[in-house]
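In the numbering used here, the protein residues as written are 461 to 845.
No residue lacks a Cβ here, since even glycine has one placed at the ideal position from N, Cα and C.
This structure is a prediction, so every number in the text was calculated from the model and none was measured.
The structure under discussion appears below in the form of structure tokens.
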Ligand code: PHB
């Protein structure tokens, strides 16, 4: 009798095991900046990600989502240790991060070496979907090249013949300026000086004095977060606003307008998101986000939301198993992602192919005034999947 009971229990257990496994929670490691100049960006990404998951009843691919968080401090020197903690100590199934390109490149290296699924919800480092591309690495945001390239075309069309660039000296600044220069010089423009400050410094005074002396037709810039707030205010305070037109990748004025106030009014920027898209998809997202967080979403919130959507598409195709890399990738490769920005697809190197909007600051909005570049694809130079 005891023997029979034991046998039955073992058989029942064996049957129950696969079901129990299917029910296991999916661990998402959020590696984002929660302190420093990009802190607000990290929070917006997390909010967006959670909103999508909550809309699905807390489950993706049939698995309940559990979060583990690490503050990466936008510090590339700590990045390898931080992602290794998530993968080796916390055993996460997927890493979602980050904002800073230097940190993201260190993450991509570990993701590639360990085969861990990585979805980048902001950092534009061209290499992540270029030379470092991998079957298990995806981006829901942009490459640094994309908004810069679109703005190079816009500024040339607006008749500017020469320009000065100013940015932080790290991958995002260099590559944003690189994209800008490629398009601007192709259209006959000339860059007369590239100015930089180390990340995350915000001492702009000496460089603004230099811009005033150089008197270019226009200025192109990449700054974001707290640094962007300070730069736009300092540019106006130095008396340059209205004299030398300032343009930028749209991070310059996204999530920052409340703090920038008058100094930002009228600025033109290029980005893959804008206010006033007025599509049912974007309107619903904005309403839901505002209800959940008592805040308006920005580009970072939208990218976090889409990172969760991309994860959901891959998990739906693999019945919740992100280790099935080929099936996961095939599903995303053919997906039309229903983003608040507008529908987008992924390039062969897993970067969004997307419209880049031209936006103008009006009040507290980055109003869409046109499409600077339609279905712009990053060249993905050097990617071999
Ligand atoms: C980046 O480091 O790639 C980066 C950071 C902040 C942004 C955009 C890009 O807003």
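If you compare the alpha carbons of 665, 662 and 616 with that of residue 645, the shortest gap goes to 616. Fully enclosed beta strand (DSSP E) runs of no fewer than 3 residues occupy 597-599 of the region 585-610, in order along the chain.
Pairing residue 724 with residue 762, the inter-Cα distance amounts to about 22 Å. About 6 Å separates the CB atoms of residue 490 and residue 506; that is less than 8 Å, so the two are in contact. Every alpha helix (DSSP H) stretch that sits fully inside the region 714-739 and reaches 4 residues is listed by chain position as 717-720. Of 682, 821, 729 and 553, the smallest CA-CA separation from residue 722 is found for 821. Taking 6 Å as the cut-off, the C-beta of residue 833 does not count as close to any heavy atom of the ligand PHB.
DSSP links residue 488 through a beta bridge to 527 and 554. In this structure, the C-beta of residue 580 stays at least 6 Å away from each heavy atom of the ligand PHB. If the five residues before and after residue 678 are omitted, its C-beta is found closer than 7 Å to the C-beta atoms of 615, 620, 623, 704, 705 and 707, all from its own chain and listed in chain order. In its chain, beyond the 5 residues on either side, 502, 505, 506, 532, 557, 558 and 559 have a beta carbon closer than 7 Å to the beta carbon of residue 492.
Contact annotation, residue 555 with residue 576: C-beta distance approximately 6 Å; criterion of less than 8 Å satisfied.
Between the beta-carbon of residue 710 and that of residue 607 there is about 6 Å, and that keeps the pair under the 8 Å contact cut.
At least one heavy atom of the ligand PHB sits closer than 6 Å to the Cβ of residue 684. Within the chosen limit of 6 Å, the ligand PHB does not reach the beta carbon of residue 603 with any heavy atom.
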